[in-house]
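Participant: Right, I'll just put the structure down here and ask away after.
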Amino acid sequence: MSKIPAELRYTKEHEWAKVEGDRVRIGITAFAQEQLGDVVFVELPKVGAKVAAMKTFGVVESVKAVSDLFAPVSGEILEANAALTRKPETVNTDPYGQGWMIVVKMANPKELDALMSAADYEKLIAGAGH
Amino acid sequence: MTDTTTTGPLKRTPLRDVHVKAGAKMVPFGGWDMPVQYTGIIEEHRAVRRAVGLFDISHMGEFEIQGKDALAIVQRLTTNDAAALQVGQVQYSLLCYPEGGIVDDLTLYRLGDEHFMLTVNAANIDKDWRWVTEHGQGAARWRNVSEETALLALQGPKAEGLVQRLADTDVTRVLYYHFLRGKVAGMPAIISRTGYTGEDGFELYIPAGQAERLWYALMEAGKADGIRPVGLGARDTLRLEMKFALYGNDIDQTTNPLEAGLGWVVKPAKGEFIGREAIEAIRAAGVKRKLVGFEMTERAVPRHDYRLLKDGAEAGVVTSGSFGPAVEKYIGIGYVKADLAAVGTELDVEIRTQAYPARVVKTPFYPSKAKKS
Chain A
5 MSKIPAELRY
15 TKEHEWAKVE
25 GDRVRIGITA
35 FAQEQLGDVV
45 FVELPKVGAK
55 VAAMKTFGVV
65 ESVKAVSDLF
75 APVSGEILEA
85 NAALTRKPET
95 VNTDPYGQGW
105 MIVVKMANPK
115 ELDALMSAAD
125 YEKLIAGAGH
Chain B
837 MTDTTTTGPL
847 KRTPLRDVHV
857 KAGAKMVPFG
867 GWDMPVQYTG
877 IIEEHRAVRR
887 AVGLFDISHM
897 GEFEIQGKDA
907 LAIVQRLTTN
917 DAAALQVGQV
927 QYSLLCYPEG
937 GIVDDLTLYR
947 LGDEHFMLTV
957 NAANIDKDWR
967 WVTEHGQGAA
977 RWRNVSEETA
987 LLALQGPKAE
997 GLVQRLADTD
1007 VTRVLYYHFL
1017 RGKVAGMPAI
1027 ISRTGYTGED
1037 GFELYIPAGQ
1047 AERLWYALME
1057 AGKADGIRPV
1067 GLGARDTLRL
1077 EMKFALYGND
1087 IDQTTNPLEA
1097 GLGWVVKPAK
1107 GEFIGREAIE
1117 AIRAAGVKRK
1127 LVGFEMTERA
1137 VPRHDYRLLK
1147 DGAEAGVVTS
1157 GSFGPAVEKY
1167 IGIGYVKADL
1177 AAVGTELDVE
1187 IRTQAYPARV
1197 VKTPFYPSKA
1207 KKS
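As given, the protein sequences belong to chains A and B, one line each in that order. Numbers in our numbering are just positions in the first sequence, counted from 1, shifted up by 4. Numbers in our numbering are just positions in the second sequence, counted from 1, shifted up by 836.
Structure (structure tokens):
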């Protein structure tokens, strides 16, 4: 199992959230990409679209599976990682780095309190292991 | 990926623990606990196209029939002409219902003049066994040897050299869809030049108790070739690139051989067989839909049961689809109305309520490397 970055917050749907001032960068965890297998397609919202906390904002597809992506927080999409269109496998190779998916301008920073710490997330996946 | 059609404990091949030890991700498939991948589907797929891959397909079923009426019984049950098979030859064939739907697809081996073996799909073993024993009676004896038989597939450009190094016989003279009996790594095997990947290679039938020894012998001897164990995930993408039908996805009881593009294994001239009349009626009337291959012209993944549209109207249904790791395109196969089956026809695939453009293309998607001469 790869290391779970301590500075990030997590959802029970295996997204990570990185607070950058009033913005939040969002992706899926190493555990999530391992469970999915080879990612071959990522569908992301357009810049300017609105997302709501714990509602779907996109889709990630591996060879075998289709999975919804859930927004850790509500807000407006400031950036979507266009590089994933051409190189979706980046989600596998660098899930916490180049494999980021969207940047959201937070509507309600209090929503961060509902997210899990790295320690809590580690407990969650320990129970969900394969 | 998950399979909810069967309940009860999953069946295990003789190699199940070997897969777990190798770190495979195990999934239920047709009632079996099978490896879907070891390291990754795309890597395993490419290893087969570039070097050699080893597959455990012991979940598949094998039935033997032996006796005076064996040929006549096989002829009555299957659509292809078994009389055209020489001893040592293999034939792709079908079991059909009287209405023309497909019970299963299979490979038929002529082990002797009055001795045949049918290799059938794992999920269909019980159904097929009932079918052949009920409809295939006469002076011959059926034996279900599925449990005592293990089946390993070795596929890829390096397969021939690898099997040759371990075999006590010249396997280079075994032509495509032929087999011989010999020893591989000292173990008695049916060495069959067949496969489900479009690559050259072999399928090795061995006693179940020898499977683990042969698996490790092949993995060891294939190290320098870059051998990889390959799971069902890549087996599926490999066969998709060849447009080989998968029972339960592309063909089933509701599809007939002609619309599935399998008319070449239906031989009405051979005489009576189950389904002949219905299939001939369909042939006379013309098929209403055809199984075609298509590629997405925009990035999107077509999948089983997605709708195919033409100018917004219903055109058909996707039966299989994925990213094709060797062709590096998003590809699919599906049934479309017969007038939309021509290569070049523009269609749409409905994915999450949105239409994504696709085009009917020539198949196979990836050129076959099977050793046909």
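Ideal placement from N, C-alpha and C gives every residue a C-beta, glycine not left out.
When burial is assigned at 16 or more other CB atoms within 10 Å of the CB, is B/E1164 buried or exposed?
Facilitator: Burial call: exposed.
Participant: Could you tell me which whole alpha helix (DSSP H) segments of length 4 or greater appear in the region 1077–1162 of chain B?
Facilitator: Counting whole runs of 4 or more residues, the region 1077–1162 of chain B contains the alpha helix (DSSP H) stretches 1112–1121.
Participant: B/G897 by DSSP, collapsed to three states: which one?
Facilitator: Here B/G897 sits in strand by DSSP.
Participant: Within 7 Å of any Cβ in chain A, is that where the Cβ of B/S1158 sits?
Facilitator: Yes, its Cβ sits closer than 7 Å to a Cβ of chain A.
Participant: Is B/G997 helix, strand or coil when you go by DSSP?
Facilitator: B/G997: helix per DSSP, three-state reduction.
Participant: Would you mind giving the Cβ-Cβ distance between B/G1067 and B/E880, rounded to the nearest angstrom? I have them listed as a contact below 8 Å.
Facilitator: That belief holds up - the Cβ atoms of B/G1067 and B/E880 are roughly 6 Å apart, short of 8 Å.
Participant: Mapping the DSSP letters down to three states, classify A/N112 as helix, strand or coil.
Facilitator: Looking at A/N112 - three-state DSSP - the assignment turns out to be coil, as it is neither helix nor strand.
Participant: With a threshold of 6 Å on Cβ separation, who are the neighbours of A/Q102 within its own chain once the five nearest residues in sequence on each side are excluded?
Facilitator: Cβ neighbours of A/Q102 beyond the five flanking positions: T94.
Participant: Enumerated in chain order, which unbroken segments of the alpha helix (DSSP H) with a length of 4 residues or greater are wholly contained in the region 855–929 of chain B?
Facilitator: Runs of the alpha helix (DSSP H) inside the region 855–929 of chain B: 877–886 and 906–913.
Participant: With DSSP as the reference, label B/L1183 as helix, strand or coil.
Facilitator: Reduced to three states, the DSSP call for B/L1183 is strand.
Participant: Would you call the region 1095–1110 of chain B and the region 1182–1195 of chain B in contact, with 3 or more CB pairs under 8 Å?
Facilitator: Cβ pair count under 8 Å is below three, so no.
Participant: Would you report the Cα separation of A/V67 and A/N96, rounded to the nearest angstrom?
Facilitator: A/V67 and A/N96: Cα-Cα distance of roughly 12 Å.
Participant: Looking only at its chain, what residues have a beta carbon closer than 7 Å to the beta carbon of B/Y1012, apart from the 5 residues adjacent to it on each side?
Facilitator: If we look at B/Y1012 and ignore the five residues flanking it on each side, its Cβ neighbours are R1029, A1206, K1207 and K1208.
Participant: Report the option in B/V999, B/E1035 and B/C932 whose CA atom is closest to the CA atom of B/E1108.
Facilitator: Out of B/V999, B/E1035 and B/C932, B/C932 has the C-alpha closest to the C-alpha of B/E1108.
Participant: For B/R979, report the span of its beta strand (DSSP E) as first-last.
Facilitator: Residues R977 to N980.
Participant: Please check the pair B/G859 and A/D42, which I expect to be a contact at CB under 8 Å, by giving their CB distance rounded to whole angstroms.
Facilitator: That pair is no contact at about 16 Å.
Participant: If you follow the alpha helix (DSSP H) that B/G986 is part of, which residue opens it and which one closes it?
Facilitator: Note that residue 986 of chain B is Ala in the sequence shown, not Gly. B/A986 -> not in any alpha helix (DSSP H); beta strand (DSSP E) instead, spanning T985 to Q991.
Participant: Where does the unbroken alpha helix (DSSP H) through B/Q948 begin, and where does it stop?
Facilitator: A quick correction: the sequence has Gly, not Gln, at residue 948 of chain B. First-last for B/G948: I938 to G948, but that is the beta strand (DSSP E), not the alpha helix (DSSP H).
Participant: Helix, strand or coil for A/E24, going by three-state DSSP, please let me know.
Facilitator: Of the three classes helix, strand and coil, the one that applies to A/E24 here is strand, per DSSP.
Participant: With a threshold of 8 Å, are at least 3 pairs of Cβ atoms found where one atom belongs to the region 1070–1079 of chain B and the other to the region 1151–1163 of chain B?
Facilitator: Touching, per the Cβ criterion.
Participant: Exposed or buried, what is B/Q973 when buried is set at 16 or more other beta-carbons lying within 10 Å of its beta-carbon?
Facilitator: Burial call: exposed.
Participant: Drop a sphere of 10 angstroms on the beta-carbon of B/K904, count the other beta-carbons inside from all chains shown, and report buried for 16 or more, exposed for fewer.
Facilitator: So B/K904 ends up on the exposed side.
Participant: Any idea what DSSP makes of A/I8, helix, strand or coil?
Facilitator: Here A/I8 sits in coil by DSSP.
Participant: Nearest to B/D917 by CA position, among B/A887, B/S929 and B/D1175, is which residue?
Facilitator: Selected option, being the one with the closest Cα: B/S929.
Participant: Is B/Y1142 near the ligand FMN - that is, is its Cβ less than 6 Å away from at least one heavy atom of it?
Facilitator: Within the structure as shown, the ligand FMN is missing, as the structure has no ligands at all.
Participant: Note down, in chain order, every chain A residue with its Cβ under 9 Å from the Cβ of B/I878.
Facilitator: Result: G41, D42, V44, V67 and E93.
Participant: Please classify B/I1027: does DSSP put it in a helix, a strand, or coil?
Facilitator: Three-state result, B/I1027: strand.
Participant: I'd like the span of the beta strand (DSSP E) that includes A/R204, first residue to last.
Facilitator: Chain A is shown from 5 up to 134; residue 204 of chain A falls before or after that span and cannot be answered.
Participant: Just grab the DSSP bridge partners of A/S66 for me.
Facilitator: Bridge partners of A/S66: A/V43.
Participant: Where does A/M120 fall in DSSP's three states?
Facilitator: Residue state, collapsed to three classes: strand.
Participant: Mind checking which residues open and close the alpha helix (DSSP H) that includes B/I1167?
Facilitator: Segment K1165 to K1173 is the beta strand (DSSP E) holding B/I1167; no alpha helix (DSSP H) there.
Participant: Using a C-beta to C-beta distance shorter than 8 Å, which residues of chain A count as neighbours of B/G1069?
Facilitator: Here the neighbours are G41, V67 and K68.
Participant: May I have the straight-line CA-CA distance separating B/I1118 from B/L1094, to the nearest angstrom?
Facilitator: Answer to the nearest angstrom: the Cα atoms are 8 Å apart.
Participant: Please report the Cβ distance between B/M896 and B/L987, rounded to the nearest whole angstrom; I am assuming they are in contact, meaning their Cβ atoms lie under 8 Å.
Facilitator: With a Cβ gap of about 6 Å, B/M896 and B/L987 count as contacting.
Participant: According to DSSP, which residues form a beta bridge with B/V956?
Facilitator: B/V956 pairs with B/G897 and B/L942.
Participant: Give the residues from the region 54–66 of chain A that approach chain B closer than 9 Å (Cβ to any Cβ), ordered along the chain.
Facilitator: Of all residues in the region 54–66 of chain A, V63, E65 and S66 have a Cβ within less than 9 Å of some Cβ in chain B.
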